[in-house]
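Trainee: Below you'll find the structure I mean.
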Amino acid sequence: MSDYQTHEHDVLVIGAGGAGLRAAIEAASVKGLSVGLVCKSLLGKAHTVMAEGGMAAAMAHVDDRDNWMVHFADTMRGGQYLNNPVMAELHAKEAPDRVRELEAWGALFDRTRDGRILQRNFGGHRYPRLAHVGDRTGLEMIRTLQDHGIHQGIEVYMEHTVTTLLKDGDRVVGAFGYDRERGRFRVFKAKAVVLATGGIGRAFKITSNSWEYTGDGHALAYDAGADLIDMEFVQFHPTGMVWPPSVRGILVTEGVRGEGGRLVNKDGKRFMFDDVPDLYKNQVAKDAEEGWRYVTGDKNANRPPELLTRDHVARCINREVKAGRGSPHGGVYLDIAWIKEKLPNAQEHIKKKLPSMYHQFKELAGVDITTTPMEVGPTTHYVMGGVRVDGVTQMSTVPGLFAAGECAGGLHGANRLGGNSLSDLLVFGKRAGEHAAKWAQAQKPSNINAAQVELAAKQALAPFERSGENPYQVQLTLQDMMQDKVGIVRTENDMAAALDGLAALKKRAAAVSIDGNREYNPGWHTCLDLPNLLCVSEAVARCALDRRESRGGHFREDYPDKSKDFAGHNTVIRKAPDGSMKLLREPIVPLTDEQKKVIDANK
Amino acid sequence: MPQATFRIWTGAGDDAVFKDFATDVSEGMVVLDAIHQIQAESAPTLACRWNCKAGKCGSCSAEVNGKPRLMCMTRLDTLDLSVPVTVEPMKSFPHVRDLVTDVSWNFRVKKSIKPFKPRKPDAPDGTWRMQQADVDRVQEFRKCIECFLCQDVCHVLRDHHKHPEFAGPRHFVYTAALEMHPLDTEDRLSHMKNEGGIGYCNITKCCTKVCPEHITITDNAIIPLKERVVDEYYDPLTRLFKVFTGK
Ligand SMILES: Cc1cc2nc3c(=O)[nH]c(=O)nc-3n(C[C@H](O)[C@H](O)[C@H](O)COP(=O)(O)OP(=O)(O)OC[C@H]3O[C@@H](n4cnc5c(N)ncnc54)[C@H](O)[C@@H]3O)c2cc1C
Ligand code: SF4
Ligand code: SF4
Ligand code: FES
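Put into C-alpha cells, the structure is as follows:
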C-alpha cells in the first residue's frame with residue numbers, strides 16, 4: 007500500500023488562475039460547502055498573471071453604441087461560427103457584471119474622464135471594449151481574486167500537482183496528486199471536480215506559455231472519459247519577441263497595436279493593408295490616416311488592418327518572412343515609436359500606456375520601444391480547444407466533472423478574440439463554481455477506489471525505478487516536432503509524419519527515468535508531464551489532419567480556403583474502450599433565430 | 048561558444064553546498080536560461096521556481112552574486128563571467144532544496160491583514176466613480192508581483208528574524224494599497240502598529256532598491272503609513288478628538 011494523505015471537500019477546484027479562483031469563490035459562497043483549491047505553482051503565479059491587454063466586456067463606457075449583441079456577433083465572427091453560441095451569448099451578456107464585481111473586490115482599472123472604467127481597442131472587437139490596467143491587467147485580476155479569495159474559507163493546496171482523476175462508476179469523485187515540495191501523495195475526495203488548468207502551449211517550441219501549460223486538465227479529462235472539442239484550433243499570437251534567442255516567444259501585447267503600433271516589413275512597407283479578408287472588408291480603415299483616427303477614438307473611423315483577428319495577422323507576418331521581406335532575425339517590425347509624428351508627448355504616452363512592454367524590451371532586448379521598432383513574429387499562445395462542456399453549467403460529458411477557462415472548449419470556436427479569455431475566466435469560472443456546488447449538494451456519498459489510487463501511485467513512481475533517458479530530451483524533441491509539423495502552417499504529409507513521431511515519442515516517454523528523490527525534483531515533474539503533453543499533441547494533430555480546410559487558427563497549406571463541408575461540425579476527441587484516440591465529427595450547436603438576427607444586424 | 052561557470056547552492060539542510068556547473072553562453076541569455084540549460088544538460092533534479100520568464104510573476108527570486116534578483120530578468124551580459132556567478136536561494140526564508148525556499152509565511156501574513164471594504168456605491172447601478180489621478184498612487188503599489196525580494200533584503204527579517212512580529216515591506220505596500228484605495232473604509236493602523244511591527248523599520252530603503260517593479264516602497268508606502276500611525280496614536284489632538292467623537 008502506498009502512503010498518502012486524504013483530504014475531503016464538497017467541491018475540488020484544480021487550478022488557481024482566474025477561472026479556478028473565480029470558481030472556488032463562487033462555490034465557497036454556498037453556506038456550509040467545503041471547497042479545496044489545488045495549483046502547481048504558488049498562489050497568484052498562474053498564467054493569468056501574465057495577461058496584459060485587458061478583458062472584454064461590452065460596458066459601453068467609451069463608445070455607447072456597444073452592447074452585448076455586438077460583442078456576441080464579434081465573438082462568433084472571430085470564431086468563424088464554430089463557437090458554441092450558448093456560451094458566446096452568456097459570455098457577452100454577463101462579462102460586464104463580472105468586471106464590475108472585480109471593482110467591488112478592490113481592482114483598480116484605468117479610468118475614463120468621467121471616472122468610470124476605461125476601455126481600449128483590441129483586434130476583432132468593433133468598439134473599445136477591454137477594461138484594463140496599463141498592460142498588466144492579468145496581474146490586477148489574479149491579485150484581486152486571490153486577495154478576496156483567501157478570506158472566503160477556501161482550503162488552498164499550493165504547489166500540488168494532480169496526476170489522475172478518481173472515479174466511482176461513471177462519476178468523478180476526486181483526484182490523486184502529490185505535493186511538489188516533499189513529493190508526498192495526496193488523495194482529494196470530492197463530490198464535484200472543476201478543472202481550471204489552463205492551456206497546452208508547452209507542446210510547442212516557440213510559446214508565450216509557462217512550464218505549467220502541459221495540457222494537464224485536457225489529459226485528465228480525456229483519461230476520465232470526457233470529450234475534448236476543437237483541438238485543431240491553436241492560437242498563434244502574431245507578435246512574440248524573436249530576438250535575442252532566449253526570449254523568443256515571449257508575448258508582445260496586442261495593446262501595442264491598439265495604441266497605434268504598425269507592422270512594417272524590411273522595406274518599410276505597411277503590409278497589412280494588402281490583404282483584408284472578406285468578412286472584415288467593411289470594417290477596415292482605407293488608409294493610415296483613418297487607422298490613426300480609429301485608435302485615437304474617432305467613432306466614424308474604421309480600425310487599422312493591424313487590428314484584424316490574430317490568425318490573419320499571424321499568417322500575414324509569416325508570409326512576409328517567407329517571402330524574404332522579414333527583419334534580420336526572422337520577424338517583422340512592430341513600430342509604436344512612429345506616433346511621435348502625431349503626439350507631442352509620445353515617449354511619455356508610450357511608457358504610461360505600455361509600461362511592461364517598455365521594460366521588457368529595455369531589459370531583455372536592449373531596445374527602447376519609444377524610439378526603435380520591435381522585432382516580432384508569431385508565438386504559440388492559446389488553445390481554443392478543450393474539454394467539451396455544457397454551455398450553461400460547464401459540466402463535461404462525465405458526471406461530476408466540470409471545466410472552465412482555457413482548458414474548456416466551445417466559447418471561442420476557431421479563433422479567440424484578444425481580451426475574451428479574461429472575461430471567459432470570470433463568466434464561466436463563476437458558472438462552473440455555481441453548478442459544481444449545486445451538483446455536489448445533490449450527491450450521495452461516494453467511494454474512493456483503492457485500486458485506482460494504488461495504480462496512480464505506481465505510475466507516479468515508475469520514473470525512479472527505470473533507467474532510461476532524461477525527460478528533458480523527449481520534451482525538447484516533442485516541442486521541435488510540433489512546432490515544425492503541426493504549427494502555424496500545416497500539411498497532410500507533415501501531420502502524418504507528426505503522428506508517427508508521436509508514436510515513437512510515446513515509447514520513449516514510457517521509458518524516461520530520473521535520479522534523486524521526491525523532494526522538489528523538477529526532473530521527476532517533467533517525467534509526469536510528458537504523457538499529458540503527448541496526449542494533447544496527438545489530439546491537436548489528429549483533429550488538424552481531419553479538418554481539410556483553413557479556418558481561424560487552423561491553416562492548411564494544402565487546403566488554403568474555408569470549405570462549406572467543414573462549416574457545420576466540431577471535431578471531437580474521445581478515448582475509445584481499447585485506449586486508442588477516437589475522432590468524431592459532431593454537428594455544431596445551432597444558432598437560435600434570435601441569435602441569427604443579432605448576427606445579421608451586426609454584419 | 049563562450050562558457051560561464053555558475054556556482055549554485057544545491058542540496059537540502061546541512062548537506063547543502065555550492066556546486067560549480069559550466070554551460071554555454073549565448074546572446075541575450077539571462078540567469079534563468081543558464082539554470083534551465085544546466086537542468087537539461089547535467090543536473091535534471093536542480094530545483095528552482097519560475098513561471099513567466101518575463102518579470103511578471105515574481106517566482107524566480109534568488110540571490111545572484113549576493114544580490115536579490117529575479118533570475119529571468121538578470122542578463123548574463125551585465126555580470127562578470129570571468130569568475131563564477133554565484134546563485135543562491137533567498138536568505139530570509141527557510142530553505143527547502145537548491146534554489147527553492149519556503150515562502151508560505153508571507154501568505155499567512157497577508158491573510159492576517161483585513162481585506163478591502165468598499166464604501167457604498169456612488170451610482171444607482173452599484174458602481175463607483177474615481178478619477179485617474181486618484182488611482183495612480185495606488186496603482187503603483189498594485190504593480191507588486193510578490194517576488195518577496197524586498198522581504199529577503201530587509202535586515203529586520205534577514206538578520207534579526209523578526210518574522211512573527213514584523214510584516215515586512217511587501218505587506219506594508221499591500222496595506223498602503225488598501226489604506227489609500229479611494230473606496231476603502233477599513234482601518235488597519237492598529238494592526239500595522241502592533242502585529243505588523245512597522246516601528247521596526249528604520250527606513251534604510253534597501254527594499255526600494257531591490258524592487259524589480261520599481262515601487263518606491265519606503266517613501267510612498269512605509270513613510271506615509273508610519274506618519275498615519277504616529278498621528279493616530281501619538282498625536283494628542285487626534286487622541287482628544289477620538290475621546291470626544293468615540294471614533
Ligand atoms: C503573455 C500572455 C498574455 C495574455 N494576455 C491576455 C489578455 O490581455 N487578455 C485575455 O483575455 N487573455 C490574455 N491571455 C490569455 C489568458 O491569460 C489565459 O488564457 C488565461 O489566463 C488562462 O486562465 P485559466 O484560469 O484558464 O488558467 P491559468 O491562469 O493558467 O491557471 C491554470 C492553473 O491550473 C493549475 N494547474 C495546471 N495543471 C495542474 C495540475 N495537474 N494539478 C494542479 N494544478 C494544475 C496551474 O498551477 C494554475 O494555477 C494572455 C496569455 C499570455 C500567455
Ligand atoms: S526601509 Fe524598512 S522595510 Fe525597507 S528594508 Fe529598510 S528596514 Fe526593511
Ligand atoms: S514590493 Fe517589489 S520587491 Fe517587494 S514583493 Fe512586491 S514587487 Fe517584489
Ligand atoms: S519567471 Fe516570472 S518573474 Fe521570473
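Protein sequence lines correspond, in order, to chains A and B. 7 is the number of the first residue of the first sequence in this note's numbering; add one for each residue after it. 48 is the number of the first residue of the second sequence in this note's numbering; add one for each residue after it. Glycine is no exception: its CB is placed at the ideal position from the N, C-alpha and C atoms. Just so we're clear, the structure is a prediction, and the values are computed from it rather than from any experiment.
1. DSSP state of G293(B), grouped into three classes?
2. My understanding is that G58(B) touches C194(B), with C-beta atoms under 8 Å, so please give their C-beta distance in whole angstroms.
3. For D486(A), I'd like the list of residues in its chain whose CB is within less than 8 Å of its CB, leaving aside the five on either flank, ordered along the chain.
4. Whose Cβ in chain B lies nearer than 8 Å to the Cβ of I520(A)?
5. Evaluate contact between the segment 167–187 of chain B and the segment 138–152 of chain B, counting only Cβ atoms and requiring at least three cross-stretch pairs below 8 Å.
6. For chain B, is any of its Cβ atoms less than 7 Å away from the one on M56(A)?
7. Can you pull the chain D residues whose beta carbon is under 8 Å from the beta carbon of W111(A), in chain order?
8. What span of residues does the alpha helix (DSSP H) with D599(A) cover, start to end?
9. Could you tell me the alpha carbon to alpha carbon distance between G293(B) and S237(B), rounded to whole angstroms?
10. Looking at G397(A) and V604(A), is the spacing between their C-beta atoms short of 7 Å?
11. Kindly say whether Q366(A), judged by its beta-carbon, lies nearer than 7 Å to any beta-carbon of chain B.
12. How many angstroms separate the CA atom of R309(A) from the CA atom of S129(B)?
13. Looking at the unbroken beta strand (DSSP E) that takes in Y10(A), where does it start and where does it end?
14. Using the C-alpha atoms, what's the distance from G411(A) back to D62(B)?
15. Between which two residues does the alpha helix (DSSP H) harbouring V595(A) extend?
16. So which residues on chain B does N476(A) lean against when the C-beta distance must stay under 7 Å?
17. Step through the CB atoms of chain B and report whether any lies within less than 7 Å of the CB of R106(A).
18. Is the Cβ of R155(B) closer than 7 Å to any Cβ of chain A?
19. For the segment 449–536 of chain A, which segments carrying the alpha helix (DSSP H) assignment without a break, of at least 4 residues, lie completely within its bounds, in sequence order?
20. Among P102(A), P134(A), R142(A), G507(A), which one has its Cα closest to the Cα of K491(A)?
21. Could you name each continuous alpha helix (DSSP H) segment of 4 residues or more that falls completely within the segment 107–171 of chain B, going from the start of the chain to the end?
22. Run through chain B and tell me which residues come within less than 9 Å of V199(A), C-beta to C-beta.
23. Give me the Cβ distance between V19(A) and G42(A), rounded to the nearest whole Å; I'm assuming they're in contact under 8 Å.
24. Quick one: residues in its chain with C-beta nearer than 7 Å to the C-beta of A268(B), no 5 flanking neighbours on either side, listed in chain order?
25. Roughly how many angstroms lie between the CA atoms of L431(A) and G24(A), to the nearest whole one?
26. At the level of alpha carbons, what is the spacing between D535(A) and S216(A)?
27. Any Cβ of chain A within less than 7 Å of the Cβ of D80(B)?
28. Identify the continuous beta strand (DSSP E) that holds D613(A) and give its terminal residues.
29. By DSSP's criteria, L136(A) is part of a beta bridge. Which residues make up the other side?
30. Is there at least one Cβ from chain A nearer than 7 Å to M48(B)'s Cβ?
31. Give me the Cβ distance between L257(A) and G223(A), rounded to the nearest whole Å; I'm assuming they're in contact under 8 Å.
32. Contact criterion: CB-CB distance below 7 Å. Does N98(B) meet it with respect to chain A?
Mentor: Reading it off the structure:
1. Residue placement at G293(B) cannot be trusted, given a pLDDT of 49 that sits under 50; the coordinates are not used to answer.
2. Contact flag wrong, Cβ pair sits at about 24 Å.
3. K211
4. P91, T92
5. no
6. yes
7. Here the protein chains are A and B, and chain D is not one of them.
8. 599–607
9. Only weak support is given to the placement of G293(B): the predicted model assigns it a pLDDT of 49, under 50, and the value that follows is read from those uncertain coordinates. Straight-line Cα distance between these residues: approximately 16 Å.
10. no
11. yes
12. 52 Å
13. 10–20
14. 43 Å
15. V595(A) -> no alpha helix (DSSP H), and no H or E assigned at all.
16. P91
17. yes
18. no
19. 456–471, 477–491, 498–515
20. G507(A)
21. 151–159
22. Going along chain B, no residue has its Cβ under 9 Å from V199(A), so there is no contact; the nearest lies around 24 Å.
23. 7 Å
24. F188, F219, V220, A223
25. 6 Å
26. 13 Å
27. yes
28. With chain A represented from 7 up to 609, any question about residue 613(A) goes unanswered, as that position is not in the structure.
29. A62(A), R126(A)
30. no
31. Between G223(A) and L257(A) the Cβ distance is about 21 Å, and since that is not below 8 Å, they are no contact.
32. yes
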